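Undergrad: One structure coming up, written as structure tokens, with questions to follow.
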Amino acid sequence: MKEHPAEKRSSQPVNAFGDRPGNPSEHHIPRPIFSRIMTFIALLCLWVILSGRFDPFHLSLGVISCALVSILSGDLLFPESRTGGLFRHTMQVINYAPWLLYQVILANLHVLYLVFHPRMMDLIDPRIIRFDSKLKKEISLVTFANSITLTPGTITMYVSVEGAFQVHAIDKASGEPLPGEMERRIARAFEDE
18 MKEHPAEKRS SQPVNAFGDR PGNPSEHHIP RPIFSRIMTF IALLCLWVIL
68 SGRFDPFHLS LGVISCALVS ILSGDLLFPE SRTGGLFRHT MQVINYAPWL
118 LYQVILANLH VLYLVFHPRM MDLIDPRIIR FDSKLKKEIS LVTFANSITL
168 TPGTITMYVS VEGAFQVHAI DKASGEPLPG EMERRIARAF EDE
């Protein structure tokens, strides 16, 4: 039986959309549109969860707001430069949030310990930490700076586009892990590999 040309198997790699190079499928969504759709869905889910309002007025505000943000900055969460591994990239971004929440909880407990310790004034030893980050993308640097600030006991004072950071820490223990694991996780989630 003669094989139909469309049924021929190829050893060519398949990209994130299931297409083989040079053979776009009929259902292919261009990458910029796909990025914006995924951003819209993620933002709308977050809007619904955080607003807690399900009436038509608030839902329509959410749809309009999320659509506007997706159109203007849809490539921030799902960068177009990535040619594959979209699922892996998405999972790394999703996995970063619970890890950061865990770090915030640990830092809260540490600051609570400092505040209620009888020798609080001896334990608090404010300092400014300077370091250069290996992160290159602006979204990575902004995420890193905001993650540091969200963690109690530290606040980002300055960050440059070249990756130079200045962070204020309430004590030595709060500043020791920087840049460390947080930078590595952000690099896995937002930087091209």
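Those letters in the sequence shown? Residues 18 to 210, per the working numbering, in order. The C-beta atom is built at its ideal place from N, Cα and C for all residues, glycine as well. Here the structure is a predicted model, which is why all the values come from computation and not from measurement.
(1) Mind checking whether Val121 and Leu167 have CB atoms under 7 Å apart?
(2) Can you look up His185 in the DSSP assignment and give me helix, strand or coil?
(3) For Val86, report the span of its alpha helix (DSSP H) as first-last.
(4) What ranges does the alpha helix (DSSP H) occupy inside the segment 146 to 171, keeping only unbroken runs of at least 4 residues that lie completely in it?
(5) Among His127, Lys154, Asp92 and Glu179, which residue has its Cα nearest to the Cα of Ile187?
(6) How far does the alpha helix (DSSP H) with Asp139 in it reach, from first residue to last?
(7) Does the beta-carbon distance from Ala206 to Gln109 come in below 7 Å?
(8) On the three-state DSSP scale, how would you describe Arg70?
(9) Which same chain residues, not among the five before or five after Ile172, have their C-beta less than 6 Å away from its C-beta?
(10) Can you tell which of Pro169, Pro194, Asp149 and Arg105 has its C-alpha closest to the C-alpha of Tyr130?
(11) Kindly indicate which residue of Leu93, Asp92 and Val65 has the alpha-carbon position closest to the one of Ile81.
(12) Reducing DSSP to helix, strand and coil, say where Val176 ends up.
(13) Candidates Arg202, Asp142 and Leu60: which alpha carbon is nearest Leu93's?
(14) Which residues in the same chain as Ser150 place their Cβ atom closer than 7 Å to its Cβ, once the five residues preceding and following it in sequence are excluded?
(15) Return yes when the Cβ of Phe57 is within less than 7 Å of the Cβ of Ser77, no when it is not.
(16) How would you call Val176, buried or exposed, if buried means at least 16 neighbouring beta carbons within 10 angstroms?
(17) Quick one: give me the first and last residue of the alpha helix (DSSP H) that Glu200 is part of.
(18) In whole angstroms, what is the alpha-carbon distance linking Tyr113 and Arg202?
(19) Between Glu208 and Ile156, what straight-line distance do the alpha-carbon atoms span, to the nearest angstrom?
TA: So, to answer that:
(1) Reading the sequence shown from its first residue, position 104 is the one you call residue 121. Reading the sequence shown from its first residue, position 150 is the one you call residue 167. Their beta carbons are under 7 Å apart, which means Val121 touches Leu167 by this criterion.
(2) Taking the first residue of the sequence shown as 1, we reach residue 185 at position 168. Residue state, collapsed to three classes: strand.
(3) Taking the sequence shown and counting its residues from 1, the one referred to as residue 86 is at position 69. Val86 -> alpha helix (DSSP H) spans Pro73 to Ser90.
(4) Entirely contained in the segment 146 to 171, the alpha helix (DSSP H) runs reaching 4 residues are, in chain order, 155 to 167.
(5) Reading the sequence shown from its first residue, position 170 is the one you call residue 187. The shortest Cα separation from Ile187 among His127, Lys154, Asp92 and Glu179 belongs to His127.
(6) Numbered from 1 along the sequence shown, position 122 holds the residue referred to as residue 139. Here the alpha helix (DSSP H) through Asp139 covers Met137 to Leu140.
(7) In the sequence shown, residue 206 corresponds to position 189, counting from 1. In the sequence shown, residue 109 corresponds to position 92, counting from 1. Their beta carbons are under 7 Å apart, which means Ala206 touches Gln109 by this criterion.
(8) As a first step, residue 70 must be located in the sequence shown, where it is residue number 53. If DSSP states are grouped into helix, strand and coil, Arg70 belongs with coil.
(9) The count along the sequence shown starts at 1 and reaches residue 172 at position 155. Hits under 6 Å: Thr166 and His185.
(10) Here the question's residue 130 lines up with position 113 in the sequence shown. Ranking the options by Cα distance to Tyr130, first place goes to Pro169.
(11) As a working note, residue 81 is residue 64 in the sequence shown. Residue Val65 is the option with its Cα nearest to Ile81.
(12) On the sequence shown, residue 176 is found 159 positions in, with the first residue counted as 1. The answer is strand: DSSP assigns Val176 an E or B state.
(13) Mapped onto the sequence shown, residue 93 falls at position 76. Among Arg202, Asp142 and Leu60, the Cα nearest to that of Leu93 is on Leu60.
(14) The residue labelled residue 150 in the question sits at position 133 within the sequence shown. Within its own chain, the residues whose Cβ lies closer than 7 Å to the Cβ of Ser150, once the five positions on either side in sequence are excluded, are Leu158, Phe161, Gly180, Phe182, Pro196 and Glu200, listed in chain order.
(15) The sequence position of residue 77 within the sequence shown is 60, counting from 1. The sequence position of residue 57 within the sequence shown is 40, counting from 1. Not in contact: Ser77 and Phe57 (Cβ atoms no closer than 7 Å).
(16) For this step, residue 176 is matched to residue 159 along the sequence shown. Counting Cβ neighbours within 10 Å, Val176 comes out buried, since at least 16 surround it.
(17) To locate residue 200, count along the sequence shown from 1; it is residue 183. Segment Gly197 to Phe207, the alpha helix (DSSP H) holding Glu200.
(18) In the sequence shown, residue 113 corresponds to position 96, counting from 1. In the sequence shown, residue 202 corresponds to position 185, counting from 1. Answer to the nearest angstrom: the Cα atoms are 7 Å apart.
(19) Here residue 208 is taken as the residue at index 191 of the sequence shown, counted from 1. Here residue 156 is taken as the residue at index 139 of the sequence shown, counted from 1. Here the alpha carbons of Ile156 and Glu208 stand approximately 9 Å from one another.
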